[in-house]
Every structure is written in structure tokens, then in C-alpha cells.
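Undergrad: Residue numbers (my numbering), protein chains in the order written: chain A, 1 to 199; chain B, 200 to 398.
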DNA sequence: AAATACGCAATGATCGATCATTGAGCAAGT
DNA sequence: ACTTGCTCAATGATCGATCATTGCGTATTT
């Protein structure tokens, strides 16, 4: 059974956003996308609504969807929220995080960093943080975290502002360490770590 | 210009969920709702997707939507997330919260409490907390907070578990006070306050 | 020339119909 | 009686077409 059309379209739109095919401010016209993919308007609409939830796309009645203008202030806001979510997650996850999984992600991060490809690092970076949120055991928290689409935000911030996602993949070692020794200060640590991405 | 159909349908579904017309576990059948409102399936689908985002309704491909089974554990998860969000919000909002607005909400809360109607208290309770989140100045945070539909969750928890939303509307006084003197401990205070709803 | 009103093309919103999947009920086989 | 398929109604997913709104270009007015 193939994935619902809406999912495929959603992915296609995401790819287009990440690749820069659609720039901030651009309209995403339901019918054009539908025509291009040879599907009807309906599943495209649904995919667009999903993207709205990611807050990468905004739309108003009868005016359609457009890619949000992303400013550094927006990025700051996003990271504040993300920091708060992960702070909560880390506190809940303390003592339950699979350390070996974290280490695996960090290893891959180092690997990608050696090759010097900023974009290649993103999936591992995200995976590291997702691991922590997942370990919180709070489904709602995880789905809220997922729903904010940080992977896309990270891509956008690299492309739009030439951000280097983390000068040093080593930033993550202290976090692993803190989890290993079940440091109750983990919340603050993660919070600052995430916020450091915007500075 | 009237509100989009989807909005009206969304509201009608929410009312039905709050009133108990649809119980946890019940299916919400697109065509039945469409027939009842004399609209087509499409806007009902869209409204249902909105509700999915509120996490009150879940759906899987080709199986449609159903009202989530709500357990006290779910409620706990929701409030953990909410507490985290409001903790973040309160820290950002310190020194920028309109104290008078908070006091107004508290007054109405007391009013409703005197009449002894638990449900009537909900809007004011929510308004109080929304005020704080709004004062954070972080749009994303606000929209994430809104998107979790705490008002409905509160109603559900009252109806399903006979929760009394706050034994004492006075719980809110210390928070107002803390904002007034710009107490840096406001984050923890709010956090514990929100979490107290689940105990 | 500027302001306003009008008309039209583009496009979002909604509709009614059709396709495809699911799950329950029934029947045949063991 | 239990299992395994099969059939079919219900219903979600998708479609193609129509309705309604918006925004822009053009004509008209002042």
C-alpha cells in the first residue's frame, strides 16, 4: 500500500522549500502544484495545511498559501520554543536516555563535519535531539516537537543566513556526559545548548 | 464576509466534543457530519485535520477519524508540555505582563467560582494563562500554545474525571504577585501551578 | 493626472461523483 | 466449532467541475 498522496505531496513541497525552489515570500499555488504532479487540488490543499502547522507556510482565506518571510527574529523565536521543549524533555528523560544511541548520533555528526558538508550534518543533529525528546516518554511532547519541523528550519537557517549549524560537533559531548552521570542540571544545559544555535 | 466553512465546522465539532456528543473512542464520520450540516465532505475533512492538530482526534489512512481515548496519563502528558511552554513564556514575559489584565481575569474567575459552575470558570482560567503566553512576545510560542487546545482539554478533564479546575481561584494571586515584583522564580512558580492541575 | 469604478483572469473554496480500502457478515472447508 | 476466504456495504481518498473572491489592469470621472 503506497503512502497517501498527501504525504508524497507534502514531501515534495518540503524538498522544494529546503532546496530553495520556493523562496520566502513566494506563493505556493495549489493548482500549479496539482498540475505539475498530475493530481487534483484536494491533496495539495491538505499537504499545504500540514506545512502551515510547521509554520513555514502561512495562508489566509481566499488568498492562498505563501512561504513565510523568515527573519532572524523568527529564528530566535523558534529556538526559544525549541529550547523550552527540550529543557522539559531532558528533565523527564534523565536516566532513561539510551546513551549508546546518543553516542552513535554524535559519531555520525563528527563524520559529516569532517566532510565539511553543513547540510549533511543536519539529519544527525536532529536525530540526536529527537532521541532525547523521545526518551522523555511524553508522546505529546514528541509530537509537538516533531510538528515544529526543526529539520527544515535548520536547513533554512543554513541556507538563508549561512549559519554553520555547530562550529563544533563537540558541543554535544557535555550533554552526553551530563546524561551519563544523570546531572539534574541537564535542563539548563540543553536549553543553553539549543539557544546557542541562534547566536 | 463570513468565516470559511471549515472554521464553522471546526467550531461545531469542538462544541460536540465539549458537550459530550462525541465520546472518546467514537468515530467521527466525515459523511455523516457533512450530511448533517448540508455541506460536502471536503471542508469537514479539513476541520477534522485541524482537530487532529489539537490531538483530541486521531486518524489513520482509510480508517477515518475517531475521538482519542483520554486517560489520566494523557492528561498528565498534556500538562507537562503545557507547564513547560508556560514556564518558558513566563520567563520571557517577566516585566511585560499587563498586570491589570491578569487581575481582571482573576476577578472573573472568582466571580464564576462563586456561582459554583466549573465550566463557566474555564474561559477565564484559559484567558489568564493566555495573557501570560501572549506577553512573552513570542508568536510561535503563542501559536503552539493555542494549537494544543487547552480549553478543550480542560473541559474534557472536568467532564471525564470530574476534575475541579482549581479548588481555589486564589491559586492565581501568588502568580500575579510574582509578576508584579518581577520575581525571577516565576518560571518555576508557573510550572508548579500548571502541574498542580493534574494532581 | 489622480482617484474611482468596472470587468476579467487567476485562484482559492466548495461541491458532487467516483475510485479504493476496510471491516463485518456469511459461507465453505477442515 | 474454528478457520479461511469471499462479498458487499460503508466510508475515506481523490477527482474534475463549479462557485466565489481577490487583485490587477483599464476605462471613466473629476
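Positions of the beta carbon are idealized from the N, C-alpha and C atoms, including for glycine.
Only a predicted model underlies this, so the values are computations on that prediction, with no experimental measurement involved.
Whose C-beta lies closer than 6 Å to the C-beta of residue 344 of chain B among residues of the same chain, with five residues either side of it excluded?
TA: 284 and 332
Undergrad: Please report how far the alpha carbon of residue 363 of chain B lies from the alpha carbon of residue 372 of chain B, in whole angstroms.
TA: Across the structure, residue 363 of chain B and residue 372 of chain B are spaced so that their CA atoms are roughly 18 Å apart.
Undergrad: Contact criterion: CB-CB distance below 9 Å. Does residue 200 of chain B meet it with respect to chain A?
TA: Per-residue confidence for residue 200 of chain B stands at a pLDDT of 48, beneath the threshold of 50, marking its modelled position as unreliable; the derived number appears in the next sentence. It does: the Cβ of residue 200 of chain B has a partner Cβ on chain A nearer than 9 Å.
Undergrad: Closer than 7 Å by beta-carbon distance: list the chain B residues that pair up with residue 78 of chain A, in chain order.
TA: 339
Undergrad: Could you tell me which of A:129, A:82 and A:53 sits nearest to residue 346 of chain B, measuring between CA atoms?
TA: A:53
Undergrad: Tell me where the beta strand (DSSP E) around residue 264 of chain B begins and ends.
TA: 263-266
Undergrad: Give me whichever residues DSSP pairs with residue 276 of chain B in a beta bridge.
TA: Note: residue 276 of chain B sits in no beta bridge, so no partner.
Undergrad: Grouping DSSP H, G and I as helix and E and B as strand, with all else coil, what is residue 256 of chain B?
TA: strand
Undergrad: Please classify residue 187 of chain A as buried or exposed, where buried requires at least 16 other C-beta atoms within 10 Å of its C-beta.
TA: buried
Undergrad: My output table needs one value for residue 96 of chain A: the three-state DSSP class, helix, strand or coil.
TA: coil
Undergrad: Looking only at DSSP bridge pairs, what is residue 191 of chain B linked to?
TA: Shown here, chain B extends from 200 to 398; a query on residue 191 of chain B therefore has no answer.
Undergrad: Just the C-alpha distance for residue 340 of chain B and residue 81 of chain A, rounded to the nearest angstrom, thanks.
TA: Going from the Cα of residue 340 of chain B to the Cα of residue 81 of chain A covers about 6 Å.
Undergrad: Residues of the segment 90-101 of chain A in Cβ contact with chain B at a cutoff of 8 Å, in chain order, please.
TA: Listed by position, the residues of the segment 90-101 of chain A near chain B (Cβ gap below 8 Å) are 92.
Undergrad: For residue 238 of chain B, name the three-state secondary structure that DSSP assigns.
TA: Reduced to three states, the DSSP call for residue 238 of chain B is coil.
Undergrad: CB-CB under 8 Å to residue 229 of chain B, same chain, minus the five flanking residues each way: which ones, in chain order?
TA: 240, 243, 244, 247, 263 and 264
Undergrad: Starting from the beta carbon of residue 55 of chain A, find every residue of chain B whose beta carbon is closer than 8 Å, and list them in chain order.
TA: Neighbours of residue 55 of chain A on chain B, chain order: 339 and 342.
Undergrad: Residue 181 of chain A to residue 194 of chain A, Cα distance in whole Å?
TA: 20 Å
Undergrad: Between the segment 212-225 of chain B and the segment 266-280 of chain B, do at least 3 Cβ pairs fall closer than 8 Å?
TA: The segment 212-225 of chain B and the segment 266-280 of chain B touch, with no fewer than 3 CB-CB distances between them shorter than 8 Å.
Undergrad: Going straight from the alpha carbon of residue 211 of chain B to that of residue 357 of chain B, what length do you get?
TA: 20 Å
Undergrad: Could you tell me the boundaries of the alpha helix (DSSP H) in which residue 322 of chain B lies?
TA: Under the DSSP assignment, residue 322 of chain B falls in the alpha helix (DSSP H) whose first and last residues are 317-334.
Undergrad: Is the CB of residue 284 of chain B under 9 Å away from at least one CB in chain A?
TA: yes
Undergrad: Do residue 131 of chain A and residue 152 of chain A have their C-beta atoms closer together than 9 Å?
TA: no
Undergrad: Please state if the CB of residue 35 of chain A and the CB of residue 192 of chain A are separated by a distance shorter than 9 Å.
TA: no
Undergrad: Less than 6 Å between C-beta atoms, sequence neighbours within five positions excluded: which residues of the same chain meet that for residue 217 of chain A?
TA: This structure gives no information on residue 217 of chain A, because the portion of chain A shown stretches from 1 to 199.
Undergrad: Give a yes or no on whether the C-beta atoms belonging to residue 292 of chain B and residue 335 of chain B are separated by under 9 Å.
TA: In this structure, residue 335 of chain B lies closer than 9 Å to residue 292 of chain B by Cβ.
Undergrad: Specify the secondary structure class of residue 71 of chain A as computed by DSSP and reduced to three states.
TA: coil
Undergrad: Determine the direct distance from the alpha carbon of residue 227 of chain B to that of residue 257 of chain B, and round the result to whole angstroms.
TA: 10 Å
Undergrad: From residue 316 of chain B to residue 217 of chain B, what does the alpha carbon distance come to, in whole angstroms?
TA: 15 Å
Undergrad: Any beta carbon of chain A sitting closer than 9 Å to that of residue 273 of chain B?
TA: yes
Undergrad: With a threshold of 8 Å on Cβ separation, who are the neighbours of residue 200 of chain B within its own chain once the five nearest residues in sequence on each side are excluded?
TA: Its pLDDT being 48, under 50, residue 200 of chain B is placed unreliably by the model, and the measurement read from it follows with that caveat. Excluding five sequence positions before and after residue 200 of chain B, none of the CB atoms of its chain fall closer than 8 Å to its own CB.
Undergrad: What span of residues does the alpha helix (DSSP H) with residue 207 of chain B cover, start to end?
TA: 204-218
Undergrad: If you measure from the beta carbon of residue 103 of chain A to each beta carbon in chain B, is any gap under 9 Å?
TA: Chain B contact via Cβ: absent.
Undergrad: Please list, in chain order, the chain A residues whose beta carbon lies closer than 8 Å to that of residue 351 of chain B.
TA: Listed along chain A, no residue sits closer than 8 Å to residue 351 of chain B by beta-carbon distance, the nearest being about 14 Å off.
Undergrad: For residue 266 of chain B, decide whether its Cβ has a neighbour in chain A, counting only Cβ atoms nearer than 9 Å.
TA: Output row for residue 266 of chain B: interface = no.
Undergrad: Under 9 Å between the Cβ atoms of residue 189 of chain B and residue 209 of chain B?
TA: In the structure displayed, chain B extends from 200 to 398; residue 189 of chain B sits before or after that span and is not available.
Undergrad: At 8 Å on the CB atoms, spell out the chain A contacts of residue 245 of chain B, in chain order.
TA: 45, 46 and 49
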